[in-house]
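First the structure, in the form of structure tokens, and then the observations on it.
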Amino acid sequence: MIRFERTRKVAYTSFGTAVFLVLIMLLNLQKSMVDTSLLSVLSVGVVLFCVIGVALLTIVKDAEEAIHAVYASSKHE
Numbered sequence: 001m002i003r004f005e006r007t008r009k010v011a012y013t014s015f016g017t018a019v020f021l022v023l024i025m026l027l028n029l030q031k032s033m034v035d036t037s038l039l040s041v042l043s044v045g046v047v048l049f050c051v052i053g054v055a056l057l058t059i060v061k062d063a064e065e066a067i068h069a070v071y072a073s074s075k076h077e
């Protein structure tokens with residue numbers, strides 16, 4: 001059976017990057033170094049990496065289901 005481990009790793013790395021960006025945002029807010037342009041760029045980065053992670057995990061799930069369906073139908077023939 002085909003596994004999509006590399007794609008999963010990229011998705012988890014994307015989520016990790018989003019968490020890292022959130023930590024940077026929190027540190028900047030804590031130090032009272034509020035720069036609205038930096039915060040907006042970091043916010044866009046967080047959303048972007050979360051969307052990429054969710055999209056990759058959805059693609060992996062759908063691809064595995066499709067491959068499983070193909071294997072199941074080929075066994076019945």
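This note's numbering puts the first residue of the sequence shown at 1, with every later residue one more than the last.
Glycine included, every Cβ here is placed at the ideal spot set by N, Cα and C.
Legend entry - Rounded straight-line distance, which links the Cα of Gly53 to that of Phe4: As a working note, residue 4 is residue 4 in the sequence shown. As a working note, residue 53 is residue 53 in the sequence shown. The alpha-carbon atoms of Phe4 and Gly53 are separated by roughly 14 Å.
Legend entry - Pairwise C-alpha distance: Ile24 and Val46: Here the question's residue 46 lines up with position 46 in the sequence shown. Here the question's residue 24 lines up with position 24 in the sequence shown. Cα atoms of Val46 and Ile24: separation of roughly 11 Å, rounded to the nearest angstrom.
Inset, instruction - Taking 8 Å as the cut-off, decide whether the C-beta atoms of Thr17 and Ile59 are in contact. - result: Numbered from its first residue, the sequence shown carries residue 17 at position 17. Numbered from its first residue, the sequence shown carries residue 59 at position 59. No. Outside cutoff.
Inset, instruction - Give the straight-line distance between the Cα atoms of Ser73 and Cys50, rounded to the nearest whole angstrom. - result: Position 73 of the sequence shown, counting from 1, holds the residue named residue 73. Position 50 of the sequence shown, counting from 1, holds the residue named residue 50. Ser73 and Cys50 have their alpha carbons spaced roughly 35 Å apart.
Inset, instruction - Leaving aside the five residues before and after Ala31 along the sequence, list all residues of the same chain whose C-beta is less than 6 Å from its C-beta, in chain order. - result: As a position in the sequence shown, residue 31 is number 31, starting the count at 1. Reading off the sequence shown, one finds Lys at residue 31, where the question assumed Ala. When the five nearest sequence neighbours on each side are left out, no beta carbon in the same chain lies closer than 6 Å to the beta carbon of Lys31.
Legend entry - Cα-Cα separation, Ala63 to Val70: Residue mapping note: residue 63 aligns to position 63 of the sequence shown, counting from 1. Residue mapping note: residue 70 aligns to position 70 of the sequence shown, counting from 1. One C-alpha to the other measures close to 11 Å.
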